[in-house]
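Protein chains in written order, with my numbering: chain A, 59 to 119; chain B, 175 to 367.
Just so it is clear, CB atoms sit at the ideal spot from N, CA and C, and this is done for glycine as well.
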């Protein structure tokens with residue numbers, strides 16, 4: 059892997075780094091992803107239950 | 175050399191506080207906020223030390239915290255502080271960025287660090303030796319470069335280096351010493367500059 063050497067680069071101040079903190083945005087992404095996962099589980103749960111019910115209906119009648 | 179990780183050495187009280195935050199965050203991610211505030215700067219500096227683009231470094235830092243929060247349930251305190259776990263995630267995110275060609279592997283060095291190496295190598299600090307050092311650094315293998323960066327650029331204790339690289343403290347010490355020897359060899363190798 060090629061590397062680039064940077065000499066005496068300007069140091070980023072702690073204040074500037076702090077300005078870029080955005081915990082709310084990350085939290086939103088975490089919550090969105092976990093809610094999507096729930097929806098996915100719910101969706102596949104419903105599909106699975108329906109499929110099992112249909113299977114028993116077909117076998118009994 | 176300056177340190178970029180002044181909060182590595184935790185007292186028992188600080189560790190307990192951190193464990194409380196982690197346990198609360200496992201229940202509800204919003205309680206991760208104090209840990210984010212505590213570690214955001216040092217993770218950003220770790221990433222930016224190895225990258226050229228500042229904005230991309232902020233993005234990668236956010237990605238590190240996103241992954242940490244999503245996988246927090248897998249984190250169990252077994253002697254590895256949360257900071258070291260975050261560095262491991264950062265390392266993997268950085269490698270991903272290099273692989274995707276989003277970022278170029280960058281080595282950041284300043285005049286103080288150059289002078290320190292010259293002192294260790296018992297050489298004069300001049301522009302030719304500076305070029306020789308840069309050339310030697312760019313020729314090192316990935317692990318050796320990491321060890322040099324962690325120890326000599328970022329002034330981290332061997333214990334922490336071991337935790338970040340998943341090796342024992344003593345092993346980190348030996349490997350760092352060998353990496354420095356290799357750097358010295360590359361520095362002394364006659365190459366056209």
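Among the options, nearest to residue i - alpha-carbon criterion
i, options, result
"residue 325 of chain B", "B:299, B:301, B:305 and B:353", "B:353"
"residue 262 of chain B", "B:274, B:314 and B:245", "B:245"
"residue 202 of chain B", "B:247, B:313, B:227 and B:232", "B:247"
"residue 257 of chain B", "B:336, B:347, B:355 and B:351", "B:336"
"residue 190 of chain B", "B:206, B:251 and B:223", "B:251"
"residue 205 of chain B", "A:60, A:63, A:102 and A:82", "A:82"
"residue 68 of chain A", "B:211, B:339, B:283 and B:329", "B:283"
Nonlocal neighbours in the same chain, by C-beta distance under 7 Å from residue i, ignoring five residues either side
i, result
"residue 295 of chain B", "358 and 361"
"residue 208 of chain B", "195"
"residue 307 of chain B", "288, 291 and 361"
"residue 213 of chain B", "257 and 260"
Residue i CB to nearest heavy atom of the ligand ADP below 6 Å
i, result
"residue 230 of chain B", "Ligands displayed in this structure: none; no statement on the ligand ADP is therefore possible."
Element boundaries [alpha helix (DSSP H), containing residue i]
i, result
"residue 219 of chain B", "207-223"
"residue 303 of chain B", "301-313"
"residue 273 of chain B", "256-273"
"residue 239 of chain B", "228-244"
"residue 335 of chain B", "332-339"
"residue 79 of chain A", "Segment: none, residue 79 of chain A is in no alpha helix (DSSP H) and carries neither H nor E."
"residue 363 of chain B", "Unbroken run through residue 363 of chain B: none, as it is neither H nor E."
"residue 197 of chain B", "186-201"
"residue 318 of chain B", "316-322"
Neighbourhood of residue i by C-beta distance below 8 Å, restricted to the same chain and skipping five residues each side
i, result
"residue 259 of chain B", "242 and 249"
"residue 271 of chain B", "225, 230, 234 and 277"
"residue 184 of chain B", "192 and 255"
"residue 84 of chain A", "none"
Residue interval of the beta strand (DSSP E) (run including residue i)
i, result
"residue 64 of chain A", "61-65"
"residue 279 of chain B", "279-283"
Beta-carbon contacts of residue i that lie in its chain and below 6 Å, excluding the five residues immediately before and after
i, result
"residue 235 of chain B", "217, 218 and 221"
"residue 349 of chain B", "321"
"residue 73 of chain A", "none"
"residue 342 of chain B", "336"
"residue 279 of chain B", "272"
"residue 302 of chain B", "none"
The stretch 105-116 of chain A: positions lying closer than 8 Å to chain B by Cβ: Taking 8 Å as the Cβ-Cβ cut-off against chain B, none of the residues of the stretch 105-116 of chain A qualify.
Determine which residues of the stretch 67-82 of chain A have a Cβ less than 8 Å from any Cβ of chain B, and write them out in chain order. Within the stretch 67-82 of chain A, those residues whose Cβ lies closer than 8 Å to any Cβ of chain B are, in chain order, 67, 70, 72, 75, 76, 78, 79, 80 and 81.
Taking any Cβ of chain A, which residues in the stretch 234-258 of chain B have a Cβ under 7 Å from it, in chain order? Those residues of the stretch 234-258 of chain B placed with their C-beta closer than 7 Å to a C-beta in chain A are 236, 239, 240, 243 and 244, ordered along the chain.
Proximal residues, the stretch 311-333 of chain B versus chain A, C-beta separation under 7 Å: Those residues of the stretch 311-333 of chain B that come within reach of chain A (Cβ to Cβ, closer than 7 Å) are 311 and 312.
For the stretch 264-280 of chain B, which residues have a CB atom closer than 9 Å to at least one CB atom of chain A, in sequence order? Residues 272, 278, 279 and 280.
Short of 9 Å Cβ to Cβ, which residues in the stretch 192-209 of chain B face chain A? For the stretch 192-209 of chain B, the set of positions with a beta-carbon nearer than 9 Å to some beta-carbon of chain A reads 203, 204, 206 and 207 in chain order.
If the cut-off is 7 Å on Cβ atoms, which residues from the stretch 285-309 of chain B count as contacting chain A, listed in chain order? Per Cβ criterion, the list reads 285 and 308.
What are the residues of the stretch 214-233 of chain B that lie near chain A, defined by any Cβ-Cβ distance shorter than 8 Å? Close to chain A, meaning a Cβ-Cβ distance shorter than 8 Å, are the following residues of the stretch 214-233 of chain B: 214, 215, 218, 219, 222, 226, 228 and 232.
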